[in-house]
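K.L.:
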C-alpha cells in the first residue's frame, strides 16, 4: 500500500512561495502569524524553486529553504516539499538544449512556460536526480517534512529525437516482431506498412495522423515515459535513505496521461481541484467535482489529498467568478466527504507579478487578515479541526462506473458515427449522477480494477475492450453482479482493431443482444424511448434520446423499451437478461438523465443496495467514510433551497446544524458507531 | 473520344482491399459468394496496395493480386485496376525524401496520410512509372480487367524546390518576357515587380499572399502539373501495349483542381459521390448531388462512372447518419438517371483498422449477408440488371449553367465587396435548380465549352472572362441563344486584371446595361425587387434579394424589375434586351430562389424548351437519357410526400411502380421508342 | 512645435499611383483635368514606388516622378511626397535576406506583403537612408512639395537575431543590473530568473509567453525601435537641407504601437480614417470615429491631417458597403470639425490589379467623371473651399478621457478576472460618449499628458500607473479638478508588478475607497445599481452593470449608489469625495451607457463646463475650433431623423442650411467672432 503519511489530522494549508519574498523578512514573519490564525498546519514549498536552489550550475543554495522549513516547524506547521523539476532555470536549457521539448510539428521549443522539458533527456534526468538527491540528503529526515511532492502537474509530450528513439524501443519491446505490429495496427491500410521499428515516427499533423493504433500507443508511451521520469525522481530521493512518502499532484480529468499508471509508484494520490462554481447550479458542479474526487480516490481505493484548490477566484478561466459566501467551506468539506484527508490551497500568498499574480490566495496583495477570504479560510480550518477523527477513514462503494482513459482516447479518435462529439464524458456523468442520486458511494474505475467489490457496475460506451475485458464482465455477471452496458461497447481491441463476428464482442450471449447499426443524430434531432407495458423495472415515462441510436437484434432478452420514431420505431432500445447469478442490462441510445435516474433507482432496489440516508433530495450529496469503529455520514446541500434529509438510526452529529434541515451550502457530518 | 469500356451492362460493385485479408482465405472466398448474391459484377482493386505490391525496393509481389483477379474473373466479375500511386510505401519516402510534400509555409511533411507526394519529383515519377509498367505488363491484357484507375482522388499541392523551379519554367513559357508578366500581374502595386522569372516564389502565408494573379496562375500550374503526372502514369501503362481505357476518380466540387483540364487525357470521367442525405430535405440534397453528376457528365459530355458511393453511413463527416430505407436505391438510380453507367461503392468489405474502419461497406465487421445494407445493395443490383439497356445512352441538354473553376478561384480571392462570402456556389445552384424544376436536363459547363447546343445559358457571377468569353457570349446571343447574365460579371481578364471602360465588359451593348456600383449587404439586411407592370415575362411577385446589389445605368433595355429599398429604390434590377436573334437578360442582385424559378419558367417558355413530363412537382427529379433508338425518362420522387407525375405519349415502363403515383424515394423509368 | 505646413487652405486630394500608368500618358493627363474639376489641390505620391524609383540596386530612376510633380504643380496642385520604405523591391530582399522579418515563432518570412521589413537591420536602414537622401536632394526644395510622408502605416514586429540583440541592449540600458530586472519582472515566479541580459529572448508562443513584464517591455521596445527607424529616415532627409515638414500616417486604434511616442519626431500628426458606416446607426459610428479624431489631435494637441479616407466602399472589410448619399460629405466635414486641416482619400485612381483593385477611388475602372462618387467628391471640394478660414484653428477641450496604450497592453495581458474580454475600450468609449453628449470638446489623452487644462478628467480602468500617475491625479484633484475614476484602477506599476497595501494605489485617501474584491460576471449575468436617496448628483434611475463588479470598503466618502443583487447587494458601487479643491468620483462596476450619460451631465454642471449649443439632441455632434479672432461651431446631425439644434448668441453661418433644423447627415458651421 505504500508508505503512510504520519499526520493524524486533516491537513490544511497549501502552496507557498517564500523565495519570492526573501527580501521581505517582515512578510515572511507575518505569514506564519497569519497561518496560525487561520489554522493552517501544512505548507507546500519548492514547486518552482530550482532557479533559487541552484542559481548557477552546481551552486546549490538551500539555506533559505532550510530557514523557512525550520521556522514553520518551530511553529507547528508541517512542510510538503516539492522537487523542483516542474520548471528549469534558464542556464540549464541554454547549456543543454536537449532538455527543451519538441512539439508534434517537430518545432523546438524555446525557454519559457512550465512543463517544457523532455522526459527522456538523459541530461535533464541527471540534473533533476542530482538536485533531488541533494534535497533528499538535506531534508529527507527533517521532522517537519511530511511528504515529497514530485514535480508539479506532470503533463504534455515531447517529440524530440531522443523520445522518438525511446518510443521505437518501447514498441519493439511490446510487439517483438515488426510483422506483429503491422498486423495489430492494420498498417496495410493506405500502404502504411513498416519494415522495421526504426521506420516508426510519432504522430504528427505534418505526417502520420490517422493511424489510430499508432496514436493510441504513442499516448501509452507518453504516460509510461512520464511515470518512468517520476520513478527516477523517487529513486533519487530514496537513494538518500529518506522514508518520507511521495505523491505527485494530478489534474481534473486530464486526458494527456493515463493516471491509473501512477498507482503503483506514489504512496498517496493527490490532485488539484478547481471546479467552476456558480457557472451553473451548484449541485451540478458539485456532482462533476464529486466524480473527479471519486475517480482520484478509486485509483488507489484509499484516502487521497486535495493538494490544490482556490480560496477565492482563479485567474486562468475565461471568466473568474468570486466564490459566494459559504462556497469555500462547502467545497472544502466535499473533498473530505469523498475521501480527501486535506484541504490545501493554491496559494497562501499571492505573487506580486507574472502570470498567476491575480490567482486567489489566502493572503492577497493588500496583505491584511481583515478580508472575507481570510475569514472563510479560517472557518475551514476550524471545521477541519472538528472533523479530525475522520482522518484516514475509507470509502467502501458498492457501485462503480467505468471511465477508462484508454477507452476515452480510442473512442474520440476512432472516426466513427459522430466526429463532432461522441458525448462520452456526458454519458459517464449521467450514470454516475444517477447512482449518486440514490445516495450511493460510487467508485470511478478503469478496466484494470477488480470488480468483485461491486453489486452494480455501469459500463457506458466501452468502445475498447483491453485484455479480455469481456471475459471479466461475463464472470462479474455470472457471479451475481448487475451490469449496465450501453451502445458503442466492445467494438475494438486494445490496438483499436475491430472485432469480427458481431458486437458487443464476447457479450452477445450475456446480454442477448447483437448491435447491427448505429445512427448518428444531428444536434437538432432526437428520438424517444417508449417503455414496454409491464417491464421488470416499472419504467413508465417516455424518455428522449439524442446523438447516437443503436439498432440491434435481440436473440434472447426481455425488451424493456423501444424506439418511438424514425424508420427504426418499434425496434428494441433497452433490454434485460438474467445471466448466471446476475443481470445484464443493455441501453441502446444516448438517453436523457431522467432515464438513467429511473433505471438505476430500479437497479439499486433490485440489487438491494441503499444509502444511510432515508431520502436524498435533488441537489443533496451524501457520502460515507468508514473507520474501524465508525461510519461517518456526510450530508451536503448543494441546491439553492432549504432541504430536509431524514436520517434514522443512532448517530452523533460531529459537525453541522443540529437538525435535518439544511440551508443551501450547509453540511452535516453524522457518526454511526459500529456495534 | 477516347477508348471505350467494353461492358454492355451497368457496373455494380466497388472498392475492394483483398490485401488486407491475405491471411484469411476463408474470407476472400466468402466475399465472392456474397458478391454474386448481391449482383456485383465489378470490383476495384489496388488503390493503396503499393506496400504489398513492392514491399521492398525492386521486390515486386504481384501473385496475390493475380490470384484475386483470376478468381473474380472465373466467377464473371470484372476488375477495375488501380495504379498504386495514391500512397507510397515507407521505404520510398525514407530513401527519397524529395517525394514528400512541402506545404505553403515551406514545412517538409513527414511520412503519413495519403496524398502526400510531390507531383514534380523525378524520383517519384520514375518509381511510379516503373510499378505502373510492371502492372501494365502483367495485367494489361487480362480479359478480366476492364478499366485502369489512375491513382486515387488527385489533390493537394507541393511547394518544394522542384515545384518552385517547375512553376518558374511554366510561367516563363506562358509569359515569355518578365515585363509581360509584370504588366499582366500588375506587380507595380506595392513594389512587387520581378526582374526575372527566377525571382518568383509560390504563394505563401509567410510571404506573397495578395498578388491575385500569382495565386491564380499557381492554381493553374498545380492543375497542369497534376494532369502531367497523371499523363506520365498513363504513358507508362500504354508503353506496355495495354488498350484498356483509363479514368481517374474525381471529387465533389473539389476546388483544388480545375477538372476540365482532365478532359482530354482520360477515356471516361468517374467520380466519388457522397451526398449528406437526411441533413435537410432529400430533394434539396438530390438537387445538389444532381448538379455534381451533371457537372461530371458535362466535362466530356458523355456517360460517366460513379466510382464510389457509400452503401451505408460514411465515417468522415461531422455527423454520419444512416441512410433510411430506400435511400440507397434512389441515390443509386439518380446517378444512372444523370448519365452514370455504374453504381460502385466504397467499400465492399470494411477494413479492420485505421482511419476508415467505420466507413459503411457492403460487408461489415459482423461479416454476414443478413444485414439491411446487404439486402439493399442486392436490390440495387437487381434494379441495374433491369435497366441494362440504358448503358451508354447519352444526355442532350438544351440548357446549361456556367460554373467555371477559374472563375471560382478568382472571384473568391478577389477582395471585393464581400470578403466573408460572395455566395457564388449558391447563386449557381439557384439557377441550376430553377432549370431543373422545369424538368430540363442541364449541362454544367466551363468557359471552354462550346455553346451552340444550348437554347438557354445561365451565366451567374462570371467575374472573370477568359480568352474573350465576352465575344463568345455575344455570338451566342446574336445567333438566337437566350443568355441570363448576372451582377459581378465581366470585371477582370484571366490574370485578374480589371477591364477599363465599364462592365459587364464587352457586353454593355448586348445587355443594354452598364454596372456602376455594387452594394454589399450585411447578413441581416435585404432589399427587394418590384416587377414593372406588364413586363415581358409576366413577373408579378415582390422578391427578396440579399448580399450583393448592383446599381446600373440602362442605356437600351427593358426594365423588368426595380429595387424597392435603400437609396437606390427605383433603380433597375432586372432587364431584358433583344440582341440579334436572341435575348439577353441581366439580373442585378442576389435574388431568392423563387425569382429564378419564375424567371426561368418564363425564359424556357419563350425559348420553347420543355420536359417530357407534363408537370414536375416540387421535389421530383426528371432526367432523360437517349440512345439511338429510344429516349429513357427517369422520374424520381425525392420529396417526403406522394406525388403524381403525369406523362403523356407512348411509352413502356422498364422500371417502376406501374403508375403515375410515386411514393417518397420511388423511381420510374419510361422508355419512348423513337419513331 | 515642429515645422509648419505652408498651405493656408484645407487640403483636398489623396493617394495617387502614377507609376502604375506610365504607359498611359492619356490617363495621366486626364487625371489632372479631373482633379481640378473635383477641387483637388493635393496629391500624395511615392508610397510604394521603390521598385520604380530604384529598379535595380543603385540604378535610380526619378524622372517619371519629377514629371508628375511638375505637371501637378503647373496646374496648382501640391504634392505630399512619401519615402518608399513601406515596401521593398524583390532584389533587395533577395540580396540582403536580413531585411525580411522573423515572426514570433522564429519563422523567417518570404518576400511579399507590405510591412515585412526588420526595423533594426543595418542594411535596410542604409538602403532606405540612401534613397531618402536622393529624394531629399531631388525634391526637398521643390515648391510643389509641401510635406514629407515617412513610409506608410508603420506596424508589426520582427524577432530576428538583430532585433533580439537590440532588445537586450535596450533592456540593459533600462535596468542597468540584471538583478534589477529580475526584481521588477518578478522572474522568481516559475524559476524564470535571468543571470545576464544575454539570456533574454523576445516573447514567443514557442517559449516565454506569460511573463507579462517581458511582453510589456517588448511592446515598448517595438515602438521605440519603430520610432528610431522613422527618425533615421527623417535624419536622412534633413541631411539634404530640406525644410519641408514631416508626418507619418497612423491607423485607427492600432494596438501594435504606442503612438504617443511619435509626438516629438513628426511635425504634424496624420492618420487614416475608415469608419464602418451604416453597420450600425450612423451616430454611433460617428462617435467612435470622433474619438479617434480626438485621440489623434490630442497627441500633439494641434490640428492634424486626415491622410486617408475612402471616397466610396473599402475592399478589405468583411462586408464593404457603399456610402449612402451625403455620408461622404458628412464624414469629411466631421474630420474638419474635430481638428483636421485636410480631407484626403485613398485613392484618387483605382489600381487595375492586385489586392486593392476594388478599393473605392475618386476615379474608378470605368474611368469617367459621370459617377455618383465623383460628384460627391466634388461637393466635398466645394465645401472645403467655403471653410477655408478654419485652417489652422485649434480645439481647447475642458474635458479629457484617459486612454493609454501601455495600460491597454498591460490590462489585456494581465490574466485577471476576465480573460475573455475586459471591455476596456467599451468602458472608455462610454465615458467619451457621455461627455460628447453634453456637447463638450474632449481630449483623449495618455498618462504622459499634462492635466492642468481640464476641468473634468475621466480615468476608466487605469490598471497600470506609470511614473507615479497616482501623484499627478492627486495633485489634479487637490487643485480643483473633477476626477471620475473606475474599478480596476491602480493595480500595478509600469512593469505589471502589483502594488501592495491596497488599491486604487495611492488614491485610497483621495477617493475614500479601498477595493477589496472583484467579481467577474458571465455574459448572461448582470447586477444593478440603486441610487441612494438624495445623492449629490440627483441620480434616480436603476442602472444595469455587467462583466465586472468591484467590491470595496468606504472609509471616507459619500455613497451615491449601491449594488442591488447577489451576495454583495447593498455594498457601495458609486462614491464621491471632495478632496482639496476638487472632486473624486469612484465607479465600481461596468455600468451601462445611461449611467455615464447621467453621471457626466451632473459632473459637467457641477464643474460649470458647457457647450456653445443650447441643447444637443441624440445623434448630433458638436465641435468647436478656435482661431485668434473667432470660434467656429460645427453642428452635425448623424441621426436618422431631422433635429433642431438651438444656438443663441451672435454668429454668422459660414456653411450650412440657414436654419436650426438639420436633416440627417447635414452640417452647419457657425462663426462667433471674438469681441
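Protein chains in written order, with full-length UniProt numbering: chain A, 1 to 675; chain B, 1 to 675; chain C, 1 to 675.
C-beta atoms are modelled at their ideal positions from N, C-alpha and C, and glycine is treated no differently.
Below 9 Å between beta carbons is the criterion; list the residues of the region 184-195 of chain A that meet it against any residue of chain B, in chain order.
P.N.:
184, 185, 186, 187, 188, 189, 190, 191, 192, 193, 194 and 195
K.L.:
So what's residue 13 (chain B) in DSSP terms, helix, strand or just coil?
P.N.:
strand
K.L.:
Could you name the residues of the same chain whose beta carbon sits closer than 8 Å to that of residue 255 (chain B), not counting the 5 residues immediately before and after it, in chain order?
P.N.:
405, 408 and 409
K.L.:
Report the start-end ranges of each beta strand (DSSP E) in the region 463-499 of chain B that is 3 residues or longer and not cut off at the edges.
P.N.:
482-486
K.L.:
Helix, strand or coil for residue 517 (chain B) per DSSP?
P.N.:
It is a strand residue.
K.L.:
From the DSSP output, which residues share a beta bridge with residue 148 (chain A)?
P.N.:
A:81 and A:246
K.L.:
Candidates B:54, B:337, B:247 and B:262: which alpha carbon is nearest residue 291 (chain B)'s?
P.N.:
B:337
K.L.:
Report yes if the C-beta distance between residue 477 (chain C) and residue 584 (chain C) is below 7 Å; otherwise report no.
P.N.:
yes
K.L.:
Please identify the residue among C:288, C:341 and C:223 whose C-alpha is closest to the C-alpha of residue 625 (chain C).
P.N.:
The candidate whose alpha carbon is nearest that of residue 625 (chain C) is C:341.
K.L.:
In three-state DSSP terms, what is residue 331 (chain A)?
P.N.:
helix
K.L.:
Have a look at the DSSP bridge pairing and note the partners of residue 400 (chain B).
P.N.:
B:443 and B:457
K.L.:
Where do the ends of the beta strand (DSSP E) carrying residue 596 (chain C) lie?
P.N.:
Looking at the DSSP string, residue 596 (chain C) is not in any beta strand (DSSP E); the run it does join, the alpha helix (DSSP H), is 593-607.
K.L.:
Does residue 498 (chain C) have its Cβ less than 7 Å from a Cβ in chain F?
P.N.:
Among the chains of the structure shown, chain F does not appear; the protein chains present are A, B and C.
K.L.:
For a quick check, are the C-beta atoms of residue 516 (chain A) and residue 475 (chain A) less than 7 Å apart?
P.N.:
no
K.L.:
State the Cα-Cα distance for the pair residue 233 (chain C) and residue 244 (chain C), rounded to the nearest angstrom.
P.N.:
14 Å
K.L.:
Suppose the cutoff is 6 Å on Cβ atoms and the five residues either side in sequence are ignored; what does the same chain contact list for residue 175 (chain B) look like?
P.N.:
181
K.L.:
Is DSSP giving residue 140 (chain B) helix, strand or coil here?
P.N.:
The answer is coil: DSSP assigns residue 140 (chain B) none of H, G, I, E or B.
K.L.:
Which residues mark the beginning and the end of the alpha helix (DSSP H) in which residue 36 (chain A) is found?
P.N.:
25-37
K.L.:
Here's a check: name, in chain order, each residue in its chain whose Cβ is nearer than 6 Å to the Cβ of residue 1 (chain A), leaving out the five neighbours to either side.
P.N.:
With a pLDDT of 45 at residue 1 (chain A), under the threshold of 50, the predicted position of this residue should be treated as unreliable, and no value is reported.
K.L.:
DSSP on residue 307 (chain B), reduced to helix/strand/coil?
P.N.:
strand
K.L.:
Please list, in chain order, all residues of the same chain as residue 415 (chain B) whose beta carbon is under 8 Å from its beta carbon, the five residues on each side excluded.
P.N.:
210 and 212
K.L.:
At least one CB of chain B closer than 7 Å to the CB of residue 355 (chain C): is that the case?
P.N.:
It does: the Cβ of residue 355 (chain C) has a partner Cβ on chain B nearer than 7 Å.
K.L.:
Do the region 219-226 of chain C and the region 162-171 of chain C make contact, defined as three or more Cβ pairs closer than 8 Å?
P.N.:
yes
K.L.:
Is the beta carbon of residue 484 (chain B) closer than 7 Å to that of residue 462 (chain B)?
P.N.:
no
K.L.:
Leaving out five residues on either side along the sequence, give the residues of the same chain with a beta carbon under 6 Å from the beta carbon of residue 658 (chain B).
P.N.:
none
K.L.:
Since I believe residue 13 (chain A) is in contact with residue 42 (chain A) (beta carbons under 8 Å), could you give me their beta-carbon distance rounded to a whole number of angstroms?
P.N.:
4 Å
K.L.:
What does residue 213 (chain B) touch in chain C if you count any residue whose Cβ is under 8 Å from its own?
P.N.:
353 and 354
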